[in-house]
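Since the structure comes first, as structure tokens, the remarks are kept for the end.
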Amino acid sequence: LASYTLLKQGDNGSMGDLACIVYEDLISYRSFDRAKIAELIDQITLTELLEKDWGYRISPVVPVLKAHFLVGWTKQAAISKDMVKMAKSRISSKYLSETEVAVQDAIKALVTGDKNLLKSSLQTVSDQLESLSPDIYVAKLKKLKEAEQGLDAIAKSSGAGGGDCGIAFAFDQASRDTLVERWQEEGIELLYEV
735 LASYTLLKQG DNGSMGDLAC IVYEDLISYR SFDRAKIAEL IDQITLTELL
785 EKDWGYRISP VVPVLKAHFL VGWTKQAAIS KDMVKMAKSR ISSKYLSETE
835 VAVQDAIKAL VTGDKNLLKS SLQTVSDQLE SLSPDIYVAK LKKLKEAEQG
885 LDAIAKSSGA GGGDCGIAFA FDQASRDTLV ERWQEEGIEL LYEV
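For the sequence shown, the numbering used here begins at 735 and goes up steadily by one.
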């Protein structure tokens, strides 16, 4: 129902944030075809739409890899709507298949405890995202990402990029502390940590 409301208002996000909120845990999320569902909103009743299989997938991920998971907020407004439109026009089947492999590798890394695979897969996803447009990593988001340098950590933009949040995995306490300190020096606020 929340996704329906957001789509009705013209939101073009993946709704992954809603899935995370509902599950309150680490999940693997594959979005539904938002264009298809948005089209159906005007064609059928709400009840009929809610009874349809929207085609999304949500699977809990139970990690064995020990890491500090951090969310940093740049305090800059995200420009998701414009950024998503621009990025969509540049997404190729090669981009999608390479990103899918990297995402599956990240999930595998979490559940098997493979730190190096997690680092490389998240770096690939980050590089893929940035390949759509250098504008995705605005100045503060670049600083959020660059804070990982020299640490046993990996960081990337979360969501569509272009602003507000990024995530990081730090694999030891010293790396976590230094990363957070670097974020704070750049005015990036630690929003969440587990």
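Even for Gly, the Cβ is constructed at its ideal location relative to N, Cα and C. Predicted, not measured: the structure shown is a model, and the values here were computed from it.
Exercise. Starting from Leu-783 and walking both ways along the alpha helix (DSSP H), at which residues does that stretch end?
Worked result: Locating residue 783 in the sequence shown gives position 49, counting from the first residue. Start and end: 780-785.
Problem set entry | Assigned secondary structure, Tyr-829 (DSSP; H/G/I helix, E/B strand, else coil) | On the sequence shown, position 95 is the one that residue 829 refers to. Tyr-829: helix per DSSP, three-state reduction.
For this session: Express the C-alpha separation of Asp-767 and Arg-824 in angstroms, rounding to a whole number.
Result: As a position in the sequence shown, residue 824 is number 90, starting the count at 1. As a position in the sequence shown, residue 767 is number 33, starting the count at 1. Asp-767 has its alpha-carbon roughly 18 angstroms from the corresponding atom of Arg-824.
Problem set entry | Alpha carbon of Glu-773 to alpha carbon of Leu-780, nearest angstrom | Here the question's residue 773 lines up with position 39 in the sequence shown. Here the question's residue 780 lines up with position 46 in the sequence shown. Approximately 12 angstroms between the Cα atoms of the pair.
For this session: Look up Val-805 in the DSSP assignment and say whether it is helix, strand or coil.
Result: Here residue 805 is taken as the residue at index 71 of the sequence shown, counted from 1. Strand.
Problem set entry | Ile-771 burial status per 10 Å Cβ neighbour count (16 or more: buried) | Locating residue 771 in the sequence shown gives position 37, where the first residue counts as 1. Ile-771 comes out buried.
For this session: Could you tell me which of Ala-836, Cys-754 and Arg-916 sits nearest to Glu-880, measuring between CA atoms?
Result: Counting from one through the sequence shown, the residue named residue 880 turns up at place 146. Answer by Cα proximity: Arg-916.
Exercise. So, Ile-775 versus Lys-819, is the Cβ gap smaller than 8 angstroms?
Worked result: By 1-based counting over the sequence shown, the position of residue 775 is 41. By 1-based counting over the sequence shown, the position of residue 819 is 85. No, they are not a contact pair.
Exercise. Which residues mark the beginning and the end of the beta strand (DSSP E) in which Gly-900 is found?
Worked result: For the purposes of this step, residue 900 is taken as the residue at position 166 of the sequence shown. Bounds of the beta strand (DSSP E) holding Gly-900 are 899-904.
For this session: Please determine if the segment 866-873 and the segment 839-856 are in contact, where contact requires at least 3 C-beta pairs separated by less than 8 angstroms.
Result: no
Exercise. Under the DSSP definition of a beta bridge, which residues are partnered with Tyr-926?
Worked result: The residue given as residue 926 occupies position 192 in the sequence shown. Paired residue(s): Val-805.
For this session: Would you kindly work out how many angstroms separate the C-alpha atoms of Gly-921 and Gln-777, rounded to a whole number?
Result: Counting from one through the sequence shown, the residue named residue 921 turns up at place 187. Counting from one through the sequence shown, the residue named residue 777 turns up at place 43. So the two alpha carbons sit approximately 46 angstroms from each other.
For this session: Have a look at the DSSP bridge pairing and note the partners of Lys-890.
Result: Locating residue 890 in the sequence shown gives position 156, counting from the first residue. According to DSSP, which records beta bridges pairwise, Lys-890 is partnered with Ile-901.
Problem set entry | Leu-752 vs Glu-927 beta-carbon contact at 8 angstroms | The residue given as residue 752 occupies position 18 in the sequence shown. The residue given as residue 927 occupies position 193 in the sequence shown. Result no, Cβ atoms of Leu-752 and Glu-927 do not sit closer than 8 angstroms.
Exercise. Alpha carbon to alpha carbon, how far is Ala-769 from Glu-864?
Worked result: Here residue 769 corresponds to residue number 35 of the sequence shown, with the count starting at 1. Here residue 864 corresponds to residue number 130 of the sequence shown, with the count starting at 1. If I take the Cα positions, the gap works out to 24 angstroms.
For this session: May I ask you to list the residues that DSSP assigns as paired with Ile-792?
Result: Numbered from 1 along the sequence shown, position 58 holds the residue referred to as residue 792. Tyr-763.
Problem set entry | Buried/exposed call for Ser-855, threshold 16 Cβ in 10 Å | Walking along the sequence shown from the start, residue 855 turns up at place 121. Ser-855 comes out buried.
Exercise. How would you label Gly-900, buried or exposed, when you count the other beta carbons within 10 angstroms and need 16 or more for buried?
Worked result: By 1-based counting over the sequence shown, the position of residue 900 is 166. Label assigned to Gly-900: buried.
Problem set entry | Assigned exposure category for Thr-808 - 16 Cβ within 10 Å defines buried | The residue you call residue 808 lines up with position 74 of the sequence shown. Result: buried.
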